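Numbering (the working numbering), first residue to last: 508 to 914.
Set out below in structure tokens:
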């Protein structure tokens, strides 16, 4: 027992150290956390993913709930409306293009049924805000390109969640029957959104009373957990309900909730507490992911590498098409490699397995490998792109050459 708590404490302190290393070197801390899990598990054999037992799926679900809550509170509808025009093209083309590539690999290479291949594509369609946002902040990119990348990472987290849960609803039919599937998905997501928004209103109405308690910071997360479990018990999407709940908490004016009277707002302390929980859950989940990696399967590693390279190549074409005139070439190269997969993908990967899907273990294991390879490749390419950016910024501008006069 003493060894266990010693190890847990060291892991948390190393996580803070890894964050400091990232601030200085741009090596993603999640990559170092996964590396630590690999060292503790497959390399030294000190721990195993099975050691988490039932806590593994519980940890994944709790991480999903807190991520959704924090993502919802971070989505300000006014800012989203202003930035949506410039971001929407990159977000949608990159997400659905990546989803198509991954779906093809899942269907033709992993031999998954089409619905499950689409779920795998939705799981890996987005970019990791936990990796992208800190890198963008450290690179001092232009405002437009930086905003596009940050908004893309936030929006694709939402798109991944909506796509995966919508397709899981469709999977109940056993085939892609568009009309019944569309009605079922619209019904499930619509009811979840309404319940989530109503839950947000109820929580805002009682939040002032809750704040009188001496210890109350965890109360919002606890309410989100109740909301998730209750909506799931009703066989609707608990994930979408929690996302809508988070949006309601920080978009009272935009949603017209001011008519209900003066409602309290989440404080900076509340939002900081959510981020601390995301950080803590991220630490142990990526350690768990490193323990669970199937490094011995060389075929999967090579397949994941080929998949990630194909996605990055597709992304380069999309970036070149969308921002070729608006951004310098160095910015385009940075935007092209900002497609690592992360916490949302890793958490969503376990959802089919938790729901008893027969191929769920294969989908989870392959997703874990793709997450690792994509973060590793981004970390390796980033210094090359940064050096190119430095050379481009240092190069003296050449005056235009004036053709000789005809006189």
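Glycine included, C-beta positions come from ideal geometry on N, C-alpha and C. Being a predicted model, the structure only gives us computed values, none of them experimental.
Quiz prompt | Contacts around residue 905, its chain only, beta-carbon distance under 8 Å, and the 5 residues preceding and following it disregarded | solution = Its pLDDT being 46, under 50, residue 905 is placed unreliably in this model, and the coordinates cannot settle the point.
Practice problem: Quick one: grab the DSSP three-state call for residue 866. | Solution: coil
Practice problem: Please list, in chain order, all residues of the same chain as residue 743 whose beta carbon is under 6 Å from its beta carbon, the five residues on each side excluded. | Solution: 695, 698 and 699
Quiz item: Around the Cβ of residue 783, are there at least 16 other Cβ atoms within 10 angstroms (buried) or fewer (exposed)?
Solution: exposed
Quiz item: Does the beta-carbon of residue 618 have 16 or more other beta-carbons within 10 angstroms, so that it is buried, or is it exposed?
Solution: exposed
Quiz item: Is the distance from the Cβ of residue 772 to the Cβ of residue 630 below 8 Å?
Solution: no
Quiz prompt | Three-way DSSP call (helix, strand, coil) for residue 601 in this model | solution = helix
Quiz item: Is it right to say residue 774 is buried, meaning 16 or more other beta carbons lie within 10 angstroms of its own, or is it exposed?
Solution: exposed
Quiz item: Near residue 607, which residues of its chain fall below 8 Å by C-beta distance, leaving aside the five closest residues on each side in sequence?
Solution: 628
Self-check item: Beta-carbon spacing of residue 756, residue 707 below 8 Å
Solution: yes
Quiz item: Looking only at its own chain, which residues have a Cβ that is under 7 Å from the Cβ of residue 573, when we skip the five neighbours before and after it?
Solution: 728, 781, 784, 785 and 788
Quiz prompt | Between the CA atoms of residue 640 and residue 521 - distance to the nearest angstrom | solution = 21 Å
Quiz prompt | Option in 881, 869, 873 and 845 with minimal Cα separation from residue 892 | solution = 845
Exercise. With DSSP as the reference, label residue 758 as helix, strand or coil.
Key: coil
Self-check item: Three-state class that DSSP yields for residue 673 in the structure shown
Solution: helix
Practice problem: Quick one: give me the first and last residue of the alpha helix (DSSP H) that residue 824 is part of. | Solution: 805-830
Exercise. Throw me the rounded Cβ distance for the residue 610 and residue 625 pair, which I believe falls under 8 Å.
Key: 5 Å
Exercise. From the DSSP output, in three-state form, read off residue 615 for me.
Key: helix
Quiz item: Rounded C-beta distance between residue 876 and residue 811? I'm assuming under 8 Å.
Solution: 5 Å
Quiz item: Going by the beta-carbon positions, is the gap between residue 873 and residue 540 smaller than 8 Å?
Solution: no
Self-check item: Burial state of residue 840 (16 or more Cβ within 10 Å)
Solution: buried
Quiz item: What alpha helix (DSSP H) runs, 4 residues minimum, are completely inside the region 718-754?
Solution: 726-740
Quiz item: Taking just the CA atoms, how far does residue 632 sit from residue 819?
Solution: 12 Å
Quiz item: Rounded C-beta distance between residue 538 and residue 882? I'm assuming under 8 Å.
Solution: 5 Å
Quiz item: Can the beta-carbon of residue 656 be found closer than 8 Å to that of residue 825?
Solution: no
Quiz item: If you draw a straight line from the C-alpha of residue 510 to the C-alpha of residue 556, how long is it?
Solution: 17 Å
Exercise. State buried or exposed for residue 612, treating a residue as buried only when at least 16 other CB atoms are found within 10 Å of its CB.
Key: buried
Exercise. Kindly indicate the opening and closing residues of the alpha helix (DSSP H) around residue 648.
Key: No alpha helix (DSSP H) contains residue 648, which DSSP labels as neither H nor E.
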